[in-house]
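For the record, the sequence lines run as chains G and E.
Take the first sequence: its position 233, counted from the start at 1, is 381 in the working numbering, and no numbers get skipped.
Take the second sequence: its position 40, counted from the start at 1, is 188 in the working numbering, and no numbers get skipped.
Number of protein chains: 2
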Amino acid sequence: MQNIQEKFSDKVKHLEASAIREIFKLLAKPGIISFAGGAPDPKLFPKKELAEIAADVLNNQGEVALQYGVTEGYAPLRQWVIDRLTNQGIISEKDATIIVSGGQQGIDLAAKSLLNPGDGVICEEPSFIGGLNSFRCNNAEIYGVPVEADGLDTDKLEELLKAHSNVKILYTIATFQNPSGITMSLEKRKKILELAETYDFMIFEDNPYGELRFAGEDVPTMKSMDKNGRVVYFGSFSKILSPGLRLGFVSCDPALMERMIICKQVEDVHTNVLSQMIAYEFVTRYDIDAHIGKLRQVYGEKCQLMMEMMDKHFPSCVTHTRPEGGLFLFCTMPEQYDSKAVMQKALEKGVAFVPGATTMIDDKASYSTFRMNYSTASKEDIIRGVQTLGEVLKEVVGE
Amino acid sequence: MQNIQEKFSDKVKHLEASAIREIFKLLAKPGIISFAGGAPDPKLFPKKELAEIAADVLNNQGEVALQYGVTEGYAPLRQWVIDRLTNQGIISEKDATIIVSGGQQGIDLAAKSLLNPGDGVICEEPSFIGGLNSFRCNNAEIYGVPVEADGLDTDKLEELLKAHSNVKILYTIATFQNPSGITMSLEKRKKILELAETYDFMIFEDNPYGELRFAGEDVPTMKSMDKNGRVVYFGSFSKILSPGLRLGFVSCDPALMERMIICKQVEDVHTNVLSQMIAYEFVTRYDIDAHIGKLRQVYGEKCQLMMEMMDKHFPSCVTHTRPEGGLFLFCTMPEQYDSKAVMQKALEKGVAFVPGATTMIDDKASYSTFRMNYSTASKEDIIRGVQTLGEVLKEVVGE
């Protein structure tokens with residue numbers, strides 16, 4: 149058959165593969181020090197505990213673990229998530245909660261359930277490419293709001309809302325934002341909730357990193373202050389336990405959830421049962437907060453180390469954010485430099501990062517920003533890699 | 149917020165939850181004998197082998213199993229699937245193959261990549277609700293073609309193609325069809341491939357049951373005869389290993405596959421890594437064909453038993469198909485009776501099946517058909533359950 153391309157739907161015709169995931173393929177080359185991913189430190193996976201649990205679950209509950217499950221999720225794990233989110237003050241009895249196959253699926257189900265072609269979605273700029281692609285895949289009109297030191301610019305947001313009556317969703321990673329590492333202030337969170345009432349839009353609060361605070365004080369989630377069911381809250385086991393298990397959760401208005409559950413039946417019937425049972429046994433048999441505490445400590449140390457190395461080796465005109473948690477910090481060169489070109493040079497020297505373009509709505513333009521991950525690489529690699537990257541940057545932008 | 153319903157997208161507004169999965173919830177009542185599901189016999193899961201493998205994978209390759217993976221699938225498992233499909237003569241070097249989170253996800257990704265609102269999809273009637281919902285979710289126009297004893301009615305198909313120039317996809321479960329259990333003849337498969345050239349449409353060949361033949365002779369898959377990349381082929385580990393692990397695969401034209409991979413990045417990033425590694429180790433360490441041979445034998449015995457019990461206890465005016473493999477047989481009462489009403493009576497007596505309406509495009513109408521699964525229930529339950537169902541049917545339709 150000639151030109152199968154002519155058969156492609158309008159939804160997918162213009163989509164591009166996740167640049168981050170394409171970069172991952174380049175990283176297969178051994179010896180590369182990668183600050184490009186968003187992966188946990190593999191040394192901190194509780195491998196032995198999970199191995200014992202997996203064998204136990206398959207031996208003693210194999211007929212459940214290997215059989216079809218319910219779309220809403222494995223009941224004990226789902227209840228555990230509901231209890232935890234309730235105890236954290238994030239959700240209330242008014243909310244419905246389900247287990248999904250990773251946080252990304254939650255965003256996709258909610259986007260699909262709400263967006264018609266041409267509907268408006270406001271995103272932080274920079275933002276997370278997986279979120280952006282969910283909205284692109286639904287042919288949404290995407291508008292960007294710059295991220296400031298205390299979170300997205302609410303004045304610009306209000307201007308946008310006045311100018312565009314088609315806005316249905318605001319997408320935010322309010323805490324330890326991907327890619328900036330910035331946390332939105334309480335004041336701005338409240339302001340956005342007010343604006344949502346005035347301009348009648350939904351808020352997607354994507355919070356995969358919220359538990360990973362290693363400095364400063366907690367800021368309440370927007371969901372915890374949501375009185376009218378406007379916030380759809382996305383959480384994940386990927387950063388606190390394991391991304392390979394593909395486990396996330398969503399809490400929102402029950403009527404919207406009912407639509408999302410039907411979409412999930414169509415997408416993958418239900419989430420992997422074995423993974424859900426393994427996760428449930430882990431959080432029941434072990435102290436998940438102690439485990440998270442260990443992650444916080446290591447990521448805090450690695451973040452600190454990366455910042456120190458940057459301050460020592462980067463040219464002074466290259467600045468970076470100072471995150472209080474999460475996995476990323478964000479660097480900015482003088483605006484005439486394109487981070488895509490710098491990435492090519494860095495890759496030649498064996499170091500990788502994510503160029504800012506992949507985090508922007510117009511991902512074809514030139515940007516002087518880039519994202520650095522500090523969770524995956526070892527401390528030795530952080531020391532060596534940032535030093536090498538400093539040399540590359542000095543070649544490009546000077547001292 | 150009032151009326152969140154007003155915010156729902158056109159894609160999901162009119163969707164209904166899978167009636168089959170809703171029936172599953174009724175089945176939680178202990179003591180019910182269920183012929184409603186499509187689940188494997190849980191006694192045949194290789195629990196001990198998988199328990200040993202899972203512990204081994206997590207202990208020795210935990211840093212891979214628990215970390216992010218690639219969207220296309222765990223490379224060794226993917227290569228194993230490619231080799232097997234190649235050896236079975238189903239795919240060639242021209243095809244691209246990926247691992248997905250269950251066969252349903254494959255259908256959803258392909259449908260999403262091809263369908264604009266109003267595009268036509270032709271389905272067998274009756275058909276699989278998961279397939280139908282994938283097309284509904286893309287606002288496709290769905291046309292039905294009746295299934296005859298040797299597969300879908302190709303004359304009716306050609307009439308439909310002449311009448312509707314918007315047809316982009318034909319969806320078929322050619323082998324051991326869900327729900328009818330019927331296998332399409334070689335002649336009809338060839339005819340459909342010819343029609344696809346003439347009328348320029350794609351064929352979705354959904355083949356989750358193909359390996360489960362317990363009588364008769366294999367019929368070549370349509371994919372194996374596909375010269376022009378018109379067939380998208382869906383396979384699954386759900387029926388030959390475990391549905392709880394959520395593992396399927398898709399083979400199709402590489403350009404279409406590229407779009408599907410991007411959609412998969414948006415839907416769930418990648419398939420569960422631990423499950424993929426467990427499946428790979430199982431097919432490598434054990435004889436998967438011997439395992440499938442055992443399933444074939446047991447399902448063949450159970451199907452035979454169910455048919456004997458039906459012939460003994462059902463009123464003579466209630467007929468059933470005679471499958472040569474798969475998990476289902478399909479029953480037809482005289483047309484004035486509605487199987488939904490019969491199901492209510494049967495449930496009261498402790499027996500469940502799937503009423504025909506859930507397998508039809510217009511699922512609100514009255515149908516005298518119902519689907520019976522013979523793989524899940526024990527032989528004792530098949531004997532007792534069919535006898536009870538026979539009593540219910542005699543009450544409704546007479547001797």
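Glycine residues also receive a C-beta, built at the ideal position from the N, C-alpha and C atoms.
Under DSSP, the beta-bridge partners assigned to E/E289 are E/G268. Comparing C-alpha distances from E/F193 to each of G/A213, G/E483, G/P368, G/A184 shows the shortest one belongs to G/A213. Contact with chain E is found for G/V160, since one of that chain's Cβ atoms lies less than 8 Å from the residue's Cβ. For E/Q252, the C-beta contacts it makes with chain G under 9 Å involve Q413, V414, E415, D416, V417, in order along the chain. G/D189: not part of any alpha helix (DSSP H); DSSP gives it neither H nor E. Taking C-beta atoms as the reference points, G/V248 and G/E272 fail to come closer than 8 Å. Identification of chain E residues near G/I180 by a Cβ-Cβ cut-off of 9 Å yields none; the smallest Cβ-Cβ distance measures about 16 Å. Per the Cβ contact rule, the stretch 448-466 of chain E is not in contact with the stretch 413-429 of chain G (fewer than 3 Cβ pairs under 8 Å). Here the alpha carbon of E/K159 sits roughly 44 Å from the alpha carbon of G/I180. Residues of chain E with a Cβ closer than 7 Å to the Cβ of G/N264 are, in chain order, S157, D158. If only complete runs of 3 or more residues are kept, the stretch 207-245 of chain G shows no beta strand (DSSP E) anywhere. For G/I317, DSSP records a beta bridge to G/V269, G/M350. Excluding five sequence positions before and after G/G377, the CB atoms of its chain that fall closer than 6 Å to its own CB belong to D401, given in chain order.
Closer than 8 Å to the CB of G/G210 there is at least one CB belonging to chain E. In the DSSP assignment, G/T480 falls within the beta strand (DSSP E) that extends over 476-480.
Excluding sequence positions up to five before and after E/L453, its CB lies within less than 8 Å of the CB of Y522, K527, I530, I531, all in the same chain and listed in chain order. Counting only the Cα atoms, E/E415 lies some 40 Å from E/G533. DSSP lists G/G299 as the beta-bridge partner residues of G/E296. For the set E/N355, E/T331, E/L477, E/N286, the Cα lying nearest the Cα of E/G383 is the one of E/N355. The CB of G/Q215 comes closer than 7 Å to the CB of A187, P190, P391, G392 in chain E, given here in chain order. In the three-state scheme derived from DSSP, where H, G and I count as helix and E and B as strand, G/T507 is classed as helix. The Cβ atoms of G/T469 and G/I321 do not sit closer than 8 Å to each other. At a beta-carbon threshold of 9 Å, none of the residues of chain G lie near E/V398; the nearest stands roughly 13 Å away. With a threshold of 8 Å between beta carbons, G/D256 makes contact with chain E. A buried status is given to G/E472, since no fewer than 16 other beta-carbon atoms sit within 10 Å of its beta-carbon.
By the Cβ rule, the stretch 224-239 of chain E does not count as touching the stretch 198-211 of chain G, because fewer than three pairs are nearer than 8 Å. E/T524 sits in coil when the DSSP states are folded into three classes, being neither helix nor strand. Between the alpha carbons of G/L341 and G/D374 lies a gap of roughly 7 Å. Each of E/S372, E/A184, E/A187, E/E200 was checked against the Cα of E/R433, and the nearest Cα belongs to E/E200. With a threshold of 8 Å between beta carbons, G/R378 makes contact with chain E. Contact between G/F324 and G/L360 holds: their C-beta atoms lie close to 7 Å from each other, under 8 Å. One finds nothing in chain E with a Cβ atom closer than 7 Å to the Cβ of G/K442; even the nearest lies about 15 Å away.
Between G/M425 and the set G/E211, G/V380, G/N151, the nearest pair of CA atoms involves G/E211. Per DSSP, G/S399 is one residue of the beta strand (DSSP E) stretching across 396-400.
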